[in-house]
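Protein chains in written order, with my numbering: chain A, 2 to 325; chain B, 6 to 289; chain C, 5 to 319.
Glycine included, every Cβ here is placed at the ideal spot set by N, Cα and C.
Scroll down for the structure; my scribbles are underneath it.
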Amino acid sequence: MALLEVENLSLALALSGMLKPVVDNISFSVDAGDTLGIVGESGCGKSLTALAIMGLIADSPIRITGGAIRFEGRDLASISEAERRALMGDRMAMIFQEPMTSLNPVYRIGDQITESLGQHRKLSKKAARARAADLLRQVRIPDPEGRLDAYPHQLSGGMRQRVMIAMALACDPALLIADEPTTALDVTVQAQILDLLADLQEETGMAVMLISHDLGVIAENCKDVAVMYRGRIVEAASAADLFAAPRHPYTVGLLNSIPDPDADKDDLEAIPGRVPTIDEVIPGCAFHPRCAFAQDICRDVRPGDAIASKEHTALCHFPTGGAE
Amino acid sequence: MTAALATFNQVFRGRRLALLGVGWLIIVAIAVVFAPWLTPYDPLEIDPVARLTAPNAEHWFGTDHFGRDTLARCIYGARMALLIGLGAVVVSLVGGTLIGMLSAYFTRLGHVLMRVVDVAMAFPALLLALVLMTILDRSVTNTIFVIGIVYTTTTARILFGMTLKLKNEVFVDAAVVTGAGHPSVLFKHILPNLISPLLVQATFIFAFAQLQAAALDFLGLGLPPEIPSWGNMLAESRVYVTRASWLLMFPGALIILTVFSMNLVGDALRDAIDPRFKDDIAGV
Amino acid sequence: MFAYTIKRLLTLIPTLFAASVLVFAFIHLIPGDPVAVLLGDTATPEEIAALSAEMGLDEPIYIQYAYWLGNVMQGDLGRSIFFQEPVTRVIADGAETSILLALMTMVWIVVLGVPIGVIAATRHGGWIDQIASGGAMFAASIPTFWLGLYLILIFAVTLGWLPSSGFPSVFDDGGLANLRYLLLPSLTLAAPNSALIIRLVRASMLDVQREDHVRTARAKGLHPAKVALKHVFRNALVAVAAAFGFTFAALISEAVVTETVFSLPGIGRLVVESILRRDYPVIQGVVLVIVCLYLVINLIVDLAYAWLDPRVSLK
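Written out as structure tokens, the structure reads:
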């Protein structure tokens with residue numbers, strides 16, 4: 002049984018009485034201990050999906066308009082708010098894009114890490130503090146006991162993201178959702194954080210859902226990959242298959258835009274055009290205005306879900322390497 | 006005109022209370038313009054026979070201890086309210102804008118001027134007004150001037166902050182590069198961007214000025230007692246409160262409605278301006 | 005924190021100096037001979053000559069200021085024309101009323117303003133929020149003396165529940181029960197100021213609610229009430245603390261009106277009556293005391309700010 006199953010999930014933004022669809026009928030699953038990468042340009046709906054899974058859309062204009070999210074076999078729509086909170090920070094945890102602002106500036110690091118321990122584990126103050134120091138050690142922060150008394154503004158961005166990871170790991174979650182965990186960091190620090198995540202996953206056996214706009218980040222860290230474009234998963238496959246034989250022109254475009262240190266600079270090409278805003282209505286395939294292979298059918302008919310084989314799906318009328 | 010209507014619609018859409026506020030301010034404006042035609046009574050005319058009459062068909066708002074018609078005095082009081090409010094807005098906005106903008110633009114001058122503002126702000130608003138009125142005579146001009154001075158300091162602080170934010174914008178650099186002189190940069194390039202926040206600030210100053218003027222009148226340190234202002238009416242009513250509560254109710258209700266309306270309008274306008282300046286405005 | 009305190013104390017000195025110059029200059033701005041102004045109409049030529057010598061009126065103005073400042077430093081603010089007593093005595097007599105009134109008002113503001121502001125923010129956009137923020141703006145639009153007169157009319161005249169004026173000291177007969185004399189005045193003074201606090205608490209909480217770290221707190225599975233109090237309100241408190249300082253300082257001068265309405269023997273009414281009696285030494289003394297108090301409160305606010313927000317003191 003999969004740890005997390007997302008089935009036909011649709012999300013919409015409730016703005017001034019209207020519902021604007023932002024995520025359209027997506028399905029994927031994550032097995033215990035596995036890593037799923039979700040990749041796409043900003044605005045494709047990947048972060049909203051993560052927030053919906055985590056249960057952080059309650060006070061926002063985002064609404065679930067269809068489908069189901071099942072975690073450890075339970076439909077998250079069917080459980081109470083209190084049961085939902087009992088999962089958050091305990092069985093599933095999340096780290097965010099902005100380490101600079103994701104920690105509360107007025108509390109010490111130690112207080113913020115022990116908070117979820119007090120919430121879910123009812124540990125004594127002393128035991129929680131010892132556990133917090135262990136966690137800081139686990140995320141490779143030097144002088145962990147001393148850092149417990151530091152305020153967030155006294156740490157660098159990379160350090161703060163390590164603290165965020167330590168906080169997320171506090172209760173040994175089965176699933177860690179990492180939403181663009183390295184985007185706001187320096188390139189050298191990015192690699193360290195990604196290595197750390199991989200190591201921790203090995204140590205703890207948790208599953209990771211890694212969200213990034215950067216296919217390079219996904220490539221190095223994930224077993225399975227889902228590519229999102231404008232609210233839909235346009236291609237899903239194992240990482241090996243996807244990088245070896247991408248089938249959707251959008252994936253091909255993303256791959257071509259990864260800077261490869263060995264290749265010539267000239268080979269690097271960006272996908273033409275831009276991500277359409279949610280207000281734009283695009284008939285047919287949402288990607289066709291930016292697609293080099295678009296034909297008449299792409300402008301009129303929306304590609305269905307089951308075009309290619311089950312293991313490697315691509316939402317495209319003319320998937321490359323497929324049905325020619 | 007259609008553009009103005011569109012803006013109005015945008016600011017007040019979904020704000021029923023603020024629209025009611027606009028409605029009330031329009032009524033006050035009508036009272037200001039058409040005062041002599043709205044009431045058959047002279048606000049100063051004494052009628053010893055009709056002293057302290059309760060509201061009735063002849064005197065809708067009753068009469069005061071001299072038998073003067075309260076409604077007539079309330080209507081003429083609107084003129085005073087408008088005069089004091091606008092006067093205080095003009096004094097404080099002109100003074101405050103000059104001090105604030107110059108201080109932000111010329112750093113050295115700013116060091117001196119803003120220290121002066123700091124010192125002036127060490128005097129609580131009403132106390133400063135009281136002390137100034139001690140030195141000055143009770144008159145309309147002096148009341149306007151004193152209330153204006155009090156809010157000049159706040160306005161100067163606000164303008165200082167807003168000008169600093171704009172000073173380093175690209176369009177200001179561009180103006181300097183193309184050879185615009187200091188006055189041109191300040192008044193042609195920076196000031197136009199500050200007009201809408203200033204307008205919002207003006208509504209709040211107008212509202213505060215009403216309360217300050219009423220307080221000064223009540224303490225016997227505002228307008229000369231013979232002038233029919235809402236504050237003076239309340240000050241006179243104090244002695245007769247137990248016998249003639251209408252003398253307290255009507256002018257007070259007018260002040261509250263006017264100040265509340267102005268605050269509501271200011272609040273709606275503040276939500277509509279450039280979000281960078283929203284926190285600078287000192288309103289309710 | 006210690007270094008910050010010292011630094012902040014040092015910045016107080018120039019402001020205090022400038023303010024004292026203004027207060028000193030005040031007497032000289034009043035038309036007429038300053039000595040005659042200070043002694044009032046009944047002064048004899050001998051008295052005028054004596055005070056002129058004491059003030060050093062034949063000396064240059066800055067020497068006169070030095071004399072005056074020297075006296076102030078020694079606690080001598082001059083003599084009241086009306087009371088024929090030292091100004092410091094006259095001010096001290098009004099201090100009990102004013103301090104107790106301010107404290108009671110602050111209690112109301114905290115008890116009314118903070119919870120209503122917090123609830124309005126957590127129910128953002130709902131009917132409770134609309135009533136609270138609309139009501140707060142309405143309360144801030146009421147002239148305090150009008151509210152005071154109406155409260156007297158209702159609770160003292162009509163219902164007879166509470167006294168309408170005066171305040172016997174809590175050290176006299178009646179003891180702390182005498183505080184009931186301050187109930188209506190403190191409510192009057194609290195109304196517009198609670199309104200400001202409600203709106204400020206609400207606005208600050210809404211600002212903090214949008215910050216990323218609140219999402220982090222919710223992701224820990226904390227109860228919404230805990231998130232609201234521990235993570236939102238605590239952070240909003242930084243801005244609210246400043247408002248408390250401003251409010252307390254504003255109370256000092258707004259008490260002028262309230263004390264007059266309720267005929268309280270406090271410093272506020274002393275100011276008004278001294279102005280009407282042209283008792284200039286008292287006006288000068290009270291203004292100086294209030295300005296010093298105001299600056300000290302602002303200093304305390306700044307220190308509270310640094311204490312509440314760990315980022316401030318380290319800069």
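The beta-carbon separation of R163 (chain A) and V188 (chain A), rounded to 17 Å, does not stay under the 8 Å limit for a contact. For the stretch 159-190 of chain B, the continuous alpha helix (DSSP H) assignments of 4+ residues that do not extend past its boundaries occur at 175-182, in sequence order. Excluding five sequence positions before and after K47 (chain A), the CB atoms of its chain that fall closer than 6 Å to its own CB belong to I39, G41, I212, M229, given in chain order. The DSSP assignment places 187-213, 216-223 as complete runs of the alpha helix (DSSP H) inside the stretch 159-226 of chain C, in order along the chain (cut-off: 4 residues). Looking at A:P153, A:A171, A:P106, A:K127, the one whose alpha-carbon comes closest to that of M95 (chain A) is A:A171. Here the alpha carbons of I113 (chain C) and D133 (chain C) stand approximately 18 Å from one another. Considered as a whole, the stretch 65-121 of chain B harbours 75-110 as its complete alpha helix (DSSP H) runs of no fewer than 4 residues, in chain order. Taking the CA atoms as reference points, L255 (chain A) sits about 25 Å from A53 (chain A). For the C-beta of R86 (chain A), the chain C residues within less than 8 Å are, from N- to C-terminus, G225, L226, H227. A contact between stretches requires three or more CB pairs, one per stretch, nearer than 8 Å, and the stretch 136-149 of chain C meets this requirement with the stretch 252-272 of chain B. For N237 (chain B), the secondary structure class from DSSP, reduced to helix, strand or coil, is helix. Proximity of chain A to P189 (chain C) at the Cβ level (cut-off 7 Å) is not reached, the minimal Cβ distance being about 36 Å. By DSSP's assignment, V40 (chain A) forms a beta bridge with A:S213, A:V228.
If you ignore the 5 residues before and after I195 (chain B), its C-beta comes within less than 8 Å of the C-beta of M106, Y110, T168, L171, K172, V177, all in its own chain and listed in chain order. Under the criterion of beta carbons closer than 8 Å, I149 (chain B) and A93 (chain B) qualify as touching, at roughly 6 Å. Between L176 (chain A) and M89 (chain A), the beta carbon gap of about 11 Å keeps them out of contact (Cβ cut-off 8 Å).
Bounds of the beta strand (DSSP E) holding S30 (chain A) are 19-31. Nearest CB-CB separation between L280 (chain C) and chain B: below the 8 Å threshold. Going by C-alpha positions, L73 (chain C) is about 12 Å away from A29 (chain C). Restricting attention to beta strand (DSSP E) runs no shorter than 3 residues, the stretch 56-131 of chain A encloses them at 63-72, 93-96, ordered along the chain.
Sixteen is the threshold: since fewer than 16 other Cβ atoms of the shown chains lie within 10 Å of the Cβ of N14 (chain B), the residue is exposed. The beta carbon of R206 (chain C) does not come within 8 Å of any beta carbon belonging to chain A, so the residue lies off that interface.
Close to D313 (chain C), with beta-carbon spacing below 9 Å, are these residues of chain A in chain order: P106, V107.
When the beta-carbon positions are compared, F223 (chain B) and F149 (chain C) come within less than 8 Å of each other. With respect to chain C, the C-beta atom of G227 (chain B) has no partner C-beta closer than 8 Å.
Under the Cβ criterion of 8 Å, M95 (chain A) is counted among the residues facing chain C. With contacts defined as CB atoms closer than 8 Å, F282 (chain B) and P202 (chain B) qualify as a contacting pair.
For the 8 Å CB-CB criterion, A254 (chain C) and P129 (chain B) form a contact. Straight across, the Cα-Cα distance linking A212 (chain B) with A34 (chain B) is about 15 Å. Rounded to the nearest angstrom, the gap between the Cα atoms of P174 (chain A) and E312 (chain A) is 28 Å. Setting aside the 5 residues that flank it on each side, S102 (chain C) is surrounded in the same chain by A259, G270, I271, G272, each with a C-beta closer than 7 Å to its C-beta; the list follows chain order. Residue-level contact check: G130 (chain C) does not touch chain B, since none of the beta carbons of chain B fall below 8 Å from its beta carbon. Just measuring C-alpha positions, the residue of B:G82, B:R18, B:Y46, B:L25 sitting nearest L228 (chain B) is B:G82. Your pair P22 (chain A) and G232 (chain A) checks out as a contact, with CB atoms roughly 6 Å apart and the cut at 8 Å. Neighbours of T36 (chain A) across chain C, judged by C-beta separation under 8 Å, do not exist; the nearest C-beta is about 20 Å away. One finds F142, S145, I146, P147, W150 in chain C with Cβ atoms closer than 9 Å to the Cβ of I261 (chain B), taken in chain order.
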